[in-house]
Structures are given as structure tokens and as C-alpha cells.
Amino acid sequence: MPRKRYTKYKKPPTETKLPSNEVLEDTLATFTKIQQRQTKTNIETSNSIPKSKKIVILPAIAIVISILFVSMFFFNPPGSNSSPQTGTGEQIGDTIQIEMSDITNTAKFFSYNDNGVSIRYFTVRGSDNLVRVAIDACDVCYTEKKGYTQVGNNMRCKNCGLDFAIDNLGTENQQGGCWPSYLPVTTETEVISIEISDLSLKRFMFA
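For the sequence shown, the numbering used here gives the first residue as 4, with consecutive numbering after it.
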């Protein structure tokens, strides 16, 4: 009998771009629905499936589920702000004012409507209890319209995955590259004030 020849498997190059947390959640939800339907079908036809095939299928399903859960843990680790809080500032003249008492160490996201374009920004207190304010868009990644999410004491860019310590926010971009875009703010005793004209300067990031 002639010997079989096997072609050496060449592993294709892997892409470095990782899927977003939203994609992983949608994938898991879709997979769960498919698994539920498949389970019902398997119950009806299980007697006709050879035992050897069952042994192969079940571990494969377990591996896929494990990979999905591990990926979700990686992209949404403990302490991440998966359900961000929203706030509403009060427009007084040419400024937006936000009560200091409404600003905590949990990031709160606001928006200002500028002729149909929603300009987003967030407030949060650092470990020193000082208020930080920034545009919810990256100086580099703003074209992706993804913004930031809080992960512990950091704000994470949803596009590139970089973390920025909350204690360092609220300044101009000193080094270039990815950075929660700067938004000037005036801190008073009971409120912070944001000039509407400064918000309008960031309109291009959301248009």
C-alpha cells in the first residue's frame, strides 16, 4: 500500500487588531442562541449520532465557550464601567454648569447638542479628589467615534485600548498621540463652568 503524503500546515499570519468588547458581547449572545437551538435539535437526534462524534463535538463547544468568556474578561475586566453614568449640565448664558456634588470618582458622561451634533465629554474625580474634565474623544482616534470607558483609576480608549490615569487628565496633550482631548474648565466653590465656545471647538470630532 503506498504511503500517504501530508502537506505541512503553514499557520496564516494573525492580525494584531483585537475585537472590541461590543463585538465579543454580540458574538457570545449569537452563539448562545445558536447553542440553545442546537441543544434542542441534539436532544431529538442524539440517539442517531455515533458516540465517537459526540466525544469530539462536546469538547469543541466547551473550548469555544471558554475562549469567549476569557476574551470578555480581558476586554471588560473587573472595575470597568460597562454601564457608564450620564449627567445633565445646566446652560447658563454661554456656559454649561455642573454641580460639584454631582462629580464623583465614577466617570459621568455629558453631551451638548451643537446644531445637531452631540459633543460628548466626561467628568470624574481623581484620587486627590480634584475634578478632571475631558472630551469623550481621543486626539488621534476621534474619527472612530468610540470614546472612553472607565477601568478602575484609568480611562481606556475604546478604539486603541490605551489606558490613561485619571489623575493625569484635564491637561493639554503634552506628548502627542492618543489622549482624552483637552476641555478647559473653570472650577468654582459649588460648580464647574465650561464655555460653550470651547465645546464647539471640538465639534469636528463628532460630526
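We put the CB at the ideal spot given by N, CA and C, even for glycine.
Compare the beta carbon distance of Ile138 and Leu172 with 8 angstroms and say whether it is the shorter of the two. For the purposes of this step, residue 138 is identified with residue 135 of the sequence shown, where counting begins at 1. For the purposes of this step, residue 172 is identified with residue 169 of the sequence shown, where counting begins at 1. In this structure, Leu172 does not lie closer than 8 angstroms to Ile138 by Cβ.
My guess is that Ile101 and Arg135 are in contact by the Cβ rule of under 8 angstroms, so how many angstroms apart are they, rounded? By one-based count along the sequence shown, residue 101 stands at place 98. By one-based count along the sequence shown, residue 135 stands at place 132. Contact flag wrong, Cβ pair sits at about 12 angstroms.
Is the CB-CB distance between Lys111 and Thr126 below 8 angstroms? The residue given as residue 111 occupies position 108 in the sequence shown. The residue given as residue 126 occupies position 123 in the sequence shown. It is a contact, given that the beta carbons lie within the stated cut-off.
What are the boundary residues of the beta strand (DSSP E) that includes Asp139? The residue given as residue 139 occupies position 136 in the sequence shown. Asp139 -> beta strand (DSSP E) spans 134 to 141.
Cβ-Cβ separation, Ile99 to Gly92 (assumed contact under 8 angstroms), whole Å: The residue you call residue 92 lines up with position 89 of the sequence shown. The residue you call residue 99 lines up with position 96 of the sequence shown. Rounded, the Cβ-Cβ distance is 4 angstroms, consistent with contact.
Following the continuous beta strand (DSSP E) through Asp166, name the residue where it begins and the one where it ends. Translated into the one-based positions of the sequence shown, residue 166 becomes position 163. Taken as a continuous stretch (DSSP letters only), the beta strand (DSSP E) holding Asp166 covers 166 to 168.
Within a Cβ cutoff of 7 angstroms, which residues of the same chain sit near Arg206, ignoring the five residues on either side of it in sequence? Taking the first residue of the sequence shown as position 1, residue 206 is located at position 203. Excluding sequence neighbours, Arg206 sits near Asp117, Val120, Ile122.
Assign Thr107 to one of two classes, buried (16 or more other C-beta atoms within 10 Å of its C-beta) or exposed (fewer than that). Taking the sequence shown and counting its residues from 1, one reaches residue 107 at position 104. The residue is exposed, with fewer than 16 neighbouring Cβ atoms inside 10 Å.
Just curious, the beta strand (DSSP E) that Asp117 is in, first and last residue? The count along the sequence shown starts at 1 and reaches residue 117 at position 114. Per DSSP, Asp117 belongs to the beta strand (DSSP E) from 111 to 117.
Find the nearest neighbour of Ser184 within the set Thr109, Ser196, Phe167, Glu193, judged by alpha-carbon distance. Within the sequence shown, the letter at position 181 stands for residue 184. Nearest of Thr109, Ser196, Phe167, Glu193 to Ser184, Cα basis: Phe167.
By how many angstroms is the C-alpha of Ser203 removed from the C-alpha of Val188? What you label residue 188 is simply residue 185 of the sequence shown in a count that begins at 1. What you label residue 203 is simply residue 200 of the sequence shown in a count that begins at 1. Distance between the alpha carbons of Val188 and Ser203 is about 14 angstroms.
If you reduce the DSSP assignment to three classes, tell me which class Glu147 lands in. Taking the first residue of the sequence shown as 1, we reach residue 147 at position 144. Looking at Glu147 - three-state DSSP - the assignment turns out to be helix.
Of the listed residues Cys160, Ala140, Asp105, Lys161, nearest to Thr192 (C-alpha basis): By 1-based counting over the sequence shown, the position of residue 192 is 189. Residue Asp105 is the option with its Cα nearest to Thr192.
Using C-beta distances below 6 angstroms, list every residue in its chain close to Tyr124, excluding the 5 sequence neighbours before and after it, in chain order. Within the sequence shown, numbered from 1, the residue matching residue 124 stands at position 121. So the list reads Phe113, Ile138, Asp139, Leu186, once near-sequence residues are dropped.
With a threshold of 16 other CB atoms inside 10 Å of the CB of Asn132, please say whether the residue is buried or exposed. As a working note, residue 132 is residue 129 in the sequence shown. The residue is exposed, with fewer than 16 neighbouring Cβ atoms inside 10 Å.
When we look at the beta-carbon of Gly150 and count the other beta-carbons within 10 Å, is it buried (16 or more) or exposed? In the sequence shown, residue 150 corresponds to position 147, counting from 1. Burial call: buried.
C-alpha gap between Gln178 and Asn157, whole angstroms: For the purposes of this step, residue 178 is identified with residue 175 of the sequence shown, where counting begins at 1. For the purposes of this step, residue 157 is identified with residue 154 of the sequence shown, where counting begins at 1. Rounded to the nearest angstrom, the two C-alpha atoms are 18 angstroms apart.
Measuring alpha carbon to alpha carbon, tell me which residue in Met208, Ala210, Ile197, Phe209 is nearest Gly96. As a working note, residue 96 is residue 93 in the sequence shown. Measuring from the Cα of Gly96, the nearest candidate turns out to be Ile197.
Which of the three DSSP states, helix, strand or coil, is assigned to Phe209? On the sequence shown, position 206 is the one that residue 209 refers to. Reduced to three states, the DSSP call for Phe209 is coil.
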